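Before any comments, here is the structure.
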Amino acid sequence: MKVARIAVNYPQKNVGLLYHYEGDLVRGQVVEVPLGKRSELGCVVSVDESKSKEYADTPVDKIKSIKDIVPDWKLGEAELQLYEWMSQYYHYSLGQLIFDCLPHVLKRPRELEQTLGEGQPLEFVPNPVQKSIIESIREGLGSFKRTLVHGVTGSGKTVVYLDLIKSTIEAGKSVLFLLPEINLTPQFIHTFAKYLDAPIFSYHSELSDSQKYQIWKEARAMKKGALILGVRSSIFIPVSNLGLIIIDEEHDTSFKQDDRCPYNARDVASKKAQLLNIPVVMGSATPSLETYNSFHQPKQNLFEMKERAGNAFLPEIRLIDARDKSDKSEDDIWPLVPKSIETIKEALEKKEQVLVFVNRLGFSSYIQCRGCGHQFNCPNCAITLRYYKRKHQLACHHCEYKEPMPSQCPACGCMTMSHKGFGTEKVEEVLKRIFPEKVIERFDRDEIKTFKQLEERLGDFHAGKIDLMVGTQMLSKGHNFEKVKLVLILGIDNQLNFPDFRSSERVYQTLTQVAGRAGRYSQDGRVLIQTLNPENSLFQIVKNHDFHQFYQDELKIRELCDCPPFKRLAMIHFSSRFQDKLIGHVTEHAGAMIKGLVAQHFPEVSVLGPRPANIEKKANQFTWSILLKSGDLAQLHNLLKSFEMNYKSMSSVSYKIDIDPYTLM
1 MKVARIAVNY PQKNVGLLYH YEGDLVRGQV VEVPLGKRSE LGCVVSVDES
51 KSKEYADTPV DKIKSIKDIV PDWKLGEAEL QLYEWMSQYY HYSLGQLIFD
101 CLPHVLKRPR ELEQTLGEGQ PLEFVPNPVQ KSIIESIREG LGSFKRTLVH
151 GVTGSGKTVV YLDLIKSTIE AGKSVLFLLP EINLTPQFIH TFAKYLDAPI
201 FSYHSELSDS QKYQIWKEAR AMKKGALILG VRSSIFIPVS NLGLIIIDEE
251 HDTSFKQDDR CPYNARDVAS KKAQLLNIPV VMGSATPSLE TYNSFHQPKQ
301 NLFEMKERAG NAFLPEIRLI DARDKSDKSE DDIWPLVPKS IETIKEALEK
351 KEQVLVFVNR LGFSSYIQCR GCGHQFNCPN CAITLRYYKR KHQLACHHCE
401 YKEPMPSQCP ACGCMTMSHK GFGTEKVEEV LKRIFPEKVI ERFDRDEIKT
451 FKQLEERLGD FHAGKIDLMV GTQMLSKGHN FEKVKLVLIL GIDNQLNFPD
501 FRSSERVYQT LTQVAGRAGR YSQDGRVLIQ TLNPENSLFQ IVKNHDFHQF
551 YQDELKIREL CDCPPFKRLA MIHFSSRFQD KLIGHVTEHA GAMIKGLVAQ
601 HFPEVSVLGP RPANIEKKAN QFTWSILLKS GDLAQLHNLL KSFEMNYKSM
651 SSVSYKIDID PYTLM
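Going by UniProt numbering, the residue at position 501 of the sequence shown is 501; the numbering climbs one at a time, nothing skipped.
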């Protein structure tokens, strides 16, 4: 009889519960096991004889029998090693991690749809810079190597990607191409399908369980070269003949998962490539400070593309001072100002398309009674409700709460409400009033909810059926809009004032990426940034397209505040429905214990907090956090292990560890 150590789909962080099994059993198999009064799936981590010394002292009644083996489902060795590494690095239950990532096993999946590449010869020849980068990276195909391609927007990073993909597929290997957003999928599929002579699989959240399961089955059995193009979760697809991983827009926060295991797909991709001994190529016009620094110190496998491809130039960037000039005649065009309207009008008269970027959804940020000042708050979260005019409702952007827009103030009965702030819906309404003869549409998650709607909206814009498009971050990443020469950016000041050490980096990335949509096929692209703070030095750096100046300036600030890349971070979040209980537990027990461990054993770790989260209450859960900083990664992880071993949990209080957090709020 065998004894198997099983990683069970259960949140408790265990190295593997013990189960008996008579017959053949191997590491990586998926099995069904009893857990309490129910059955759960688990993965075999190790197998040994029951008479082994390790199990000799274990009471027989403590080792239950495995119920069944799930047929046709076994994790490969590199696959399981990746999950084991993630479990240790992110301090997350191995069993729960595996089954968070695996697709649902279906007995009768539908037939899988795939795109077959046309295999057309290239219409273009790589320019000297692209050719040099391609040749350098090609030399590393076949072994593990990390490469960063830092190219300005429109420099032709896709040409580099395409050539490397073709070379890999021609060698009989497959390629995994990671994108930050589902909305970039149609554009890349269109480009790659034209030139690749291989099947192309698209993997994203809009796929059904059946389609996801089929892609995993196809990938496990892959014999010939193929391209799998997908978002964050596609990193776990077990491609049997994987030869290359490419991560486009490596800096993007979409690669970091917030719920469940808070992994970063970019970092997981590097580990996967190392385990498989294959190269990983990252690309961005605005690489994250940590990534760029890791390649720049010392400079290795870093390739720069400083000019746009073809005859295109980087766009001219102008600042528009939007501070109040006390001209009440401008109220009807707010939040735009006359100079912005005038420039949009000029572009539309030239039959150009225009993009307007607004980083907020809805009509107004919140509603306030003009009589008594009452604000409408979410009952589940500690934030004000956002107003959506078309739906005539107030809604929370952190939970599902919605309520109809009231006709009068519930506190004083006043029937006059004041709208504060603005979003995409407000800007769209103003522009439609100013340009009634033009086709104006929105490109945001409130307007576009399905992949089909996404393809249709992008298709209409590319076909010239839309004159002006108002959108959020969905517009900023990687799109090639041929007829766009003018981009207007609104509301960026809110991001600049956000209390987070990465706020400047995020604003720089957003401005540069959004600006990069202008003039990609011309020499006269223009970008207007409406701001209440035109003197901010960051705007001058953006105007000069000077990433290296930004990098040097930001690096000095990061060093002064002991932030990445100089120190590594970890957050421990404690949550509960009961605020008083949570505060007492975190301050008197958990916080005191962590500080005691640091004082006695981990001198290289500093502790900040505990303190309430920036939004303390979300979805009826209060959250308090402890921030850990250290220049010694081993000490940081060992402290977290010691915390988990010694921590005494409290009913109704849960905790979550976030390694390399993207936000400290």
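Glycine included, each C-beta is placed from N, C-alpha and C at the ideal position.
Owing to the predicted nature of the structure, the values given are computational and were not obtained by experimental measurement.
Residues that residue i bridges to, as DSSP identifies them
| i | result |
| --- | --- |
| residue 720 | The structure shown does not extend to residue 720, since the chain spans only 1 to 665, so no value can be given for it. |
| His204 | Its beta-bridge partners do not exist; DSSP assigns none. |
| Lys256 | Asn264 |
| His296 | Lys299 |
| Leu486 | Val354 and Arg526 |
| Phe443 | Gly471 |
| Ala570 | Leu628 and Ile659 |
| Cys369 | Met417 |
| Ser46 | Arg5 |
| Ala463 | Beta-bridge pairing links Ala463 to no other residue. |
| Met405 | DSSP lists no partner for Met405. |
| Gln20 | Here residue 20 is His; the residue named in the question, Gln, does not match the sequence. Val3 and Ser65. |
| Thr115 | Ile200 |
| Thr147 | Val281 |
| Ala395 | Arg386 and Lys402 |
| Leu35 | Arg38 |
| Phe602 | According to DSSP, Phe602 bridges with nothing at all. |
| Pro564 | Answer is none; Pro564 lacks a bridge partner. |
Close-in-space but distant-in-sequence residues of the same chain around residue i (CB under 6 Å, 5 per side omitted)
| i | result |
| --- | --- |
| Lys272 | Leu82 |
| Phe451 | Glu206 |
| Gly140 | Pro279 |
| Leu17 | Ile6 and Val8 |
| Met282 | Leu148, Ile247 and Glu250 |
| Lys212 | Pro103 |
| Leu80 | Gly28 |
| Arg442 | Thr424, Glu428 and Val470 |
Supposed contact pair residue j and residue i - C-beta distance, whole angstroms, cut 8 Å
| i | j | result |
| --- | --- | --- |
| Gly516 | Ala285 | 6 Å |
| Ser143 | Asn277 | 6 Å |
| Leu488 | Ile344 | 7 Å |
| Ile66 | Val33 | 5 Å |
| Phe357 | Ser476 | 7 Å |
| Pro180 | Asp267 | Not really, about 14 Å apart at Cβ, beyond 8 Å. |
| Ser364 | Tyr401 | Wrong, their Cβ atoms sit about 17 Å apart, outside the cutoff. |
| Lys157 | Met305 | 7 Å |
| Thr512 | Thr153 | 7 Å |
| Asn359 | Gln473 | 7 Å |
Proximity to residue i [Cα-Cα], best of the options
| i | options | result |
| --- | --- | --- |
| Thr168 | Leu179, Ile137 and Ile189 | Ile137 |
| Pro338 | Leu560, Ile434 and Leu275 | Ile434 |
| Ile626 | Lys648, Ser649, Lys595 and Ser642 | Lys595 |
| Gly413 | Gly371, Gly591 and Glu535 | Gly371 |
| Asn377 | Arg390, Cys396, Gln513 and Phe363 | Cys396 |
| Gln408 | Met417, Lys402 and Ser630 | Met417 |
| Pro232 | Leu184, Gly243, Lys217 and Met222 | Rather than Pro, the amino acid found at residue 232 in this sequence is Arg. Selected option, being the one with the closest Cα: Leu184. |
| Cys563 | Thr663, Pro436 and Lys2 | Thr663 |
| Ala634 | Tyr19, Gly23 and Gln88 | Gln88 |
| Leu454 | Tyr90, Ile182, Glu22 and Gly28 | Ile182 |
| Glu644 | Gly36, His91, Met86 and Glu49 | His91 |
| Lys223 | Lys212, Ser234, Ser208 and Val239 | Val239 |
| Gly95 | Pro128, Val31, Pro71 and Ser132 | Val31 |
Same chain only: Cβ atoms within 7 Å of residue i, ignoring 5 sequence neighbours per side
| i | result |
| --- | --- |
| Pro315 | Ala515, Ala518, Gly519, Gly525, Arg526 and Val527 |
| Leu25 | Lys2, Ala4, Val44 and Val47 |
| Met405 | Tyr387, His392, Gln393 and Leu394 |
| Lys617 | Cys381 and Ala382 |
| Trp85 | Lys271 |
| Ser234 | Leu176, Leu178, Tyr203 and Ile228 |
| Leu336 | Val430 |
Contact set for residue i: own chain, Cβ-Cβ below 8 Å, skip 5 residues either direction
| i | result |
| --- | --- |
| Ile333 | Ile341, Val430 and Ile434 |
| residue 666 | Nothing about residue 666 can be read from this structure; the chain reaches only from 1 to 665. |
| Val354 | Ile344, Ala347, Leu348, Asp467, Leu468, Met469, Val484, Leu486, Val487 and Leu488 |
Cβ-heavy atom distance, residue i to the ligand GDP, below 7 Å
| i | result |
| --- | --- |
| Lys272 | This structure does not include the ligand GDP; it has no bound ligands of any sort. |
Validate contact between the stretch 533-540 and the stretch 598-605 using beta carbons, cut 8 Å, 3 pairs: no
Contact between the stretch 476-489 and the stretch 114-133 (3+ Cβ pairs under 8 Å): no
Inter-stretch contact at 8 Å, needing at least 3 Cβ pairs: the stretch 495-514 / the stretch 455-465: no
Stretch-stretch touch, CB-based, cutoff 8 Å, three pairs: the stretch 214-232 with the stretch 166-185: yes
Segment contact flag, the stretch 7-14 with the stretch 28-41, C-beta cutoff 8 Å, min 3 pairs: yes
Given 8 Å, three or more beta-carbon pairs between the stretch 560-577 and the stretch 615-633: yes
Three-pair Cβ contact test at 8 Å for the stretch 547-554 versus the stretch 256-275: no
Contact between the stretch 285-295 and the stretch 121-129 (3+ Cβ pairs under 8 Å): no
Three CB pairs or more closer than 8 Å across the stretch 157-172 and the stretch 206-218: no
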